[in-house]
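Chains as they are written, first to last, in numbering that gives the first Met the number 0: chain A, 0 to 318; chain B, 0 to 318. First comes the structure, then the notes that go with it.
2 protein chains.
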Amino acid sequence: MELFEKTGKIALGSRLRYMASNVTDEAARLHELYQIDFAPKWFPVFFVLSEGDCKTITDIANEIGHSQPSVTKIVKEMINAGLVEDNLRSQDKRRNMVGLTKQGKALWERMRIQCIDIDHAIDGIIQEATHNLWEALAEWEFLLEQKSLLKRVQEQKKIRESKDVRVVPYQAEYRQAFKSLNEEWISTYFEMEETDHKALDNPEEYILAKGGKILVALYNNEPLGVCSLIKMDHPEFDYELAKMAVSPKAQGKSVGTILGRAIIEEAKTLGASKLYLESNTILKPAINLYHKLGFQKITGYPSPYQRCNIQMELDLRNS
Amino acid sequence: MELFEKTGKIALGSRLRYMASNVTDEAARLHELYQIDFAPKWFPVFFVLSEGDCKTITDIANEIGHSQPSVTKIVKEMINAGLVEDNLRSQDKRRNMVGLTKQGKALWERMRIQCIDIDHAIDGIIQEATHNLWEALAEWEFLLEQKSLLKRVQEQKKIRESKDVRVVPYQAEYRQAFKSLNEEWISTYFEMEETDHKALDNPEEYILAKGGKILVALYNNEPLGVCSLIKMDHPEFDYELAKMAVSPKAQGKSVGTILGRAIIEEAKTLGASKLYLESNTILKPAINLYHKLGFQKITGYPSPYQRCNIQMELDLRNS
DNA sequence: AGTAATTATATAACCAGTTATGCAAATTTA
DNA sequence: TAAATTTGCATAACTGGTTATATAATTACT
Numbered sequence: 000m001e002l003f004e005k006t007g008k009i010a011l012g013s014r015l016r017y018m019a020s021n022v023t024d025e026a027a028r029l030h031e032l033y034q035i036d037f038a039p040k041w042f043p044v045f046f047v048l049s050e051g052d053c054k055t056i057t058d059i060a061n062e063i064g065h066s067q068p069s070v071t072k073i074v075k076e077m078i079n080a081g082l083v084e085d086n087l088r089s090q091d092k093r094r095n096m097v098g099l100t101k102q103g104k105a106l107w108e109r110m111r112i113q114c115i116d117i118d119h120a121i122d123g124i125i126q127e128a129t130h131n132l133w134e135a136l137a138e139w140e141f142l143l144e145q146k147s148l149l150k151r152v153q154e155q156k157k158i159r160e161s162k163d164v165r166v167v168p169y170q171a172e173y174r175q176a177f178k179s180l181n182e183e184w185i186s187t188y189f190e191m192e193e194t195d196h197k198a199l200d201n202p203e204e205y206i207l208a209k210g211g212k213i214l215v216a217l218y219n220n221e222p223l224g225v226c227s228l229i230k231m232d233h234p235e236f237d238y239e240l241a242k243m244a245v246s247p248k249a250q251g252k253s254v255g256t257i258l259g260r261a262i263i264e265e266a267k268t269l270g271a272s273k274l275y276l277e278s279n280t281i282l283k284p285a286i287n288l289y290h291k292l293g294f295q296k297i298t299g300y301p302s303p304y305q306r307c308n309i310q311m312e313l314d315l316r317n318s
Numbered sequence: 000m001e002l003f004e005k006t007g008k009i010a011l012g013s014r015l016r017y018m019a020s021n022v023t024d025e026a027a028r029l030h031e032l033y034q035i036d037f038a039p040k041w042f043p044v045f046f047v048l049s050e051g052d053c054k055t056i057t058d059i060a061n062e063i064g065h066s067q068p069s070v071t072k073i074v075k076e077m078i079n080a081g082l083v084e085d086n087l088r089s090q091d092k093r094r095n096m097v098g099l100t101k102q103g104k105a106l107w108e109r110m111r112i113q114c115i116d117i118d119h120a121i122d123g124i125i126q127e128a129t130h131n132l133w134e135a136l137a138e139w140e141f142l143l144e145q146k147s148l149l150k151r152v153q154e155q156k157k158i159r160e161s162k163d164v165r166v167v168p169y170q171a172e173y174r175q176a177f178k179s180l181n182e183e184w185i186s187t188y189f190e191m192e193e194t195d196h197k198a199l200d201n202p203e204e205y206i207l208a209k210g211g212k213i214l215v216a217l218y219n220n221e222p223l224g225v226c227s228l229i230k231m232d233h234p235e236f237d238y239e240l241a242k243m244a245v246s247p248k249a250q251g252k253s254v255g256t257i258l259g260r261a262i263i264e265e266a267k268t269l270g271a272s273k274l275y276l277e278s279n280t281i282l283k284p285a286i287n288l289y290h291k292l293g294f295q296k297i298t299g300y301p302s303p304y305q306r307c308n309i310q311m312e313l314d315l316r317n318s
């Protein structure tokens, strides 16, 4: 199929289905070649039953990775074909124990020969090819079990989108965003306090004029994250990292990380040696982010905020 | 799936189907991730329409390798979703020209980004894996087009079965087979002649007693092929290769070749230096076999058989 | 020009699987 | 020990495809 070269790997599913149906069609004709009256779809059930004892419908389904109703249907067909018997010995009357009939066992003996021929034929193709399809499938089953395709694509999306996040200094046009993004999370988890209102209603005066800094993260020119450094009058700490807020719309774009790293760089260029922050352990993603950025938990400083139950610091002289 | 390791490569079809369904399921969830209201099965149609102009149902079906009714259904669904318009300009009123709507084109632009992420994600798996599934599929498509799986298995069957063919010297128990196998082909294509009756009714006297040899090919102890060397009283030729017959039941087991090689070996151990045979060009498979065994066409010797229109020789001193 | 053959599509019926559901038997819990 | 839950299976309805077939429009052939 030429199409697959054009679409790219997004058509992997279609390509697999296409190959599967080709192979299955040929398998059907193979049974004719060996003059065996056998539907290819019976094979997995037939195989597990050939291993010996009788089994329940559900056990077979689990072993072959089909749904239970699918096995029920196949077993019914195989009973009609005389290959399989059901309701074999079991005291549990819900269970339907299924096993091969004499005829089924005899057919299996003939089938094994056919399997060997097919195995050789497929090995032949593997020899001819430079890429081993059989091994590739086994490997992919493993790799996708480890980390699903969905997860892998999600990661790619994040990488791509985070490339489109720009961090810019605060300007008057972002005052509304600075306020609403912060109000959103504060009023969701806590109550707005007096100190919040002061800083959010007039950041120019309460943050910038006092030597602080505000950064805004833009995605498609829309402000989706904000963050500020507030100048502290403290023997140890130069700035407080505060009023960090990221819109829920921006999830999965690493906006928090990008903004955090940018504000730390900003602090460094301002000549800061130690940063301080206060938060609440209820905000798990935020705490995780601070940790990732290098902040360490500290204790014993007074806070103007009621909601604060954790304090952290970042020593910039280390890095 | 552990099963696939146990069944061997005969389950290739199942394994492919299993992987295809896994990948397709994840694809469906991917569209959710990107908040696109889109059924994965629409993708091939959507893709070919995105390439530009509108197309007929049948053209689309051919391009994506689906049946025409499948495309009819998909197009209908996409019309309901507002992505596609039908009955676009065409003077031929049988044709249903289909193209993307504005909305469809807009969706394609968003989708392209998604495709890139998926491509990257799949490339990532390919990097992790040692066997390249994508390339393997492309290669297999090519190799199976060159020679179908059916044909390849047929070849393996032939190789295996020809190993079970045993060649043994003539014994009285094979007299009936020697006669009937020869009568079968002679009376199908020609008339039985006087010379035939003599040799077939009493091979001990007319062939063996005169220093000739008869070999019988057995498959599962059943005589399915016969062949004889008849001592010639001739300055150039030592023996005539004659009364070679293979049952139609034995087709695809290389019985003819095996028997031919055996009788040539026999002639060598008898010290023969040149073999002779007569046949008819109507028997193409036989002539091919003689050729394969090394016989060369010659002319100008008298024959007791009416049906003979070609004569061949094999010089044993060459090999 | 009229008939026959071909083409493009829609529709119906099927196929190999799925999920959803209901029922009876068995097991667990109170 | 009775009630609640779980288990095993059959059945029904759906899905994404298929083949077979009917019909209308077009083209080819007297």
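Just so you know, even glycine gets a beta-carbon here, dropped at the ideal spot from N, CA and C.
{"Item": "E138 of chain A vs A128 of chain B beta-carbon contact at 8 Å", "Value": "yes"}
{"Item": "Under 9 Å from the C-beta of A216 of chain B: neighbouring residues of chain A", "Value": "The premise fails here: A216 of chain B is roughly 20 Å from chain A at the closest Cβ pair, so nothing lies under 9 Å."}
{"Item": "Whether A216 of chain A touches I263 of chain A by CB criterion (8 Å)", "Value": "no"}
{"Item": "Buried or exposed (CB count within 10 angstroms, at least 16 for buried), K178 of chain B", "Value": "buried"}
{"Item": "DSSP-derived helix/strand/coil call for R109 of chain A", "Value": "helix"}
{"Item": "P168 of chain B Cβ short of 7 Å to the ligand GTP heavy atom set", "Value": "With respect to the ligand GTP, the structure offers nothing, as it holds no ligand at all."}
{"Item": "Min CB distance A60 of chain B to chain A below 8 Å", "Value": "no"}
{"Item": "7 Å CB neighbourhood of G81 of chain B in its chain, flanking five on each side removed", "Value": "T100 and Q102"}
{"Item": "Within 8 Å, strictly: CB atoms of L274 of chain A and L315 of chain A", "Value": "yes"}
{"Item": "Inter-stretch contact at 8 Å, needing at least 3 Cβ pairs: the region 16 to 29 of chain B / the region 148 to 158 of chain A", "Value": "yes"}
{"Item": "Span of the alpha helix (DSSP H), counted from its first residue to its last, around E76 of chain B", "Value": "Q67 to N79"}
{"Item": "DSSP three-state assignment for D195 of chain B, whether helix, strand or coil", "Value": "helix"}
{"Item": "Contact with chain B by I297 of chain A, beta-carbon distance below 8 Å", "Value": "no"}
{"Item": "Cβ pair count under 8 Å reaching 3, the region 200 to 212 of chain B against the region 223 to 239 of chain B", "Value": "yes"}
{"Item": "Cβ-based burial, Y173 of chain B [other Cβ within 10 Å; buried from 16]", "Value": "buried"}
{"Item": "is_contact[S147 of chain B, chain A] using C-beta, thresh 8 Å", "Value": "yes"}
{"Item": "Assumed close pair E183 of chain A, L214 of chain A - CB separation to whole angstroms, cut-off 8 Å", "Value": "About 18 Å separates the two Cβ atoms, so there is no contact after all."}
{"Item": "Completely contained beta strand (DSSP E) runs for the region 172 to 259 of chain B, where each covers 3 or more residues", "Value": "212 to 218, 221 to 230 and 238 to 245"}
{"Item": "Cα-Cα separation between S246 of chain B and P284 of chain B, rounded to whole angstroms", "Value": "13 Å"}
{"Item": "Separation of F46 of chain A from M110 of chain A, as counted between CA atoms", "Value": "10 Å"}
{"Item": "Beta-carbon proximity of M96 of chain A to T55 of chain A, cut-off 8 Å", "Value": "yes"}
{"Item": "A26 of chain B: contacting residues in chain A (beta-carbon distance under 7 Å)", "Value": "G12"}
{"Item": "A168 of chain A in three-state terms, based on DSSP", "Value": "Correcting the residue identity first, residue 168 of chain A is Pro in this sequence and not Ala. Reduced to three states, the DSSP call for P168 of chain A is strand."}
{"Item": "Within-8 Å CB hit, D163 of chain B to chain A", "Value": "no"}
{"Item": "Sequence-distant residues of its chain with Cβ nearer than 6 Å to Y289 of chain A (five each side left out)", "Value": "M311"}
{"Item": "Contact with chain B by I121 of chain A, beta-carbon distance below 8 Å", "Value": "yes"}
{"Item": "Opening and closing residue of the alpha helix (DSSP H) in which S161 of chain A lies", "Value": "L148 to K162"}
{"Item": "Within-8 Å CB hit, A105 of chain B to chain A", "Value": "no"}
{"Item": "Neighbouring residues, chain B, relative to G64 of chain A (Cβ below 8 Å)", "Value": "M0, L2 and Y17"}
{"Item": "With 16 other Cβ atoms within 10 Å as the buried cut-off, status of K5 of chain A", "Value": "exposed"}
{"Item": "Where the beta strand (DSSP E) through M0 of chain B begins and ends", "Value": "No beta strand (DSSP E) holds M0 of chain B; DSSP gives it neither H nor E."}
{"Item": "For L99 of chain A: DSSP bridge partner residues", "Value": "A:V83"}
{"Item": "Sub-8 Å separation of L11 of chain A and W41 of chain B beta-carbons", "Value": "no"}
{"Item": "8 Å Cβ cutoff, N21 of chain A in contact with chain B", "Value": "yes"}
{"Item": "Amino acids of chain B, ordered along the chain, whose beta-carbon sits closer than 8 Å to that of W139 of chain A", "Value": "M18, I124, A128 and L132"}
{"Item": "Alpha carbon of K296 of chain B to alpha carbon of M191 of chain B, nearest angstrom", "Value": "25 Å"}
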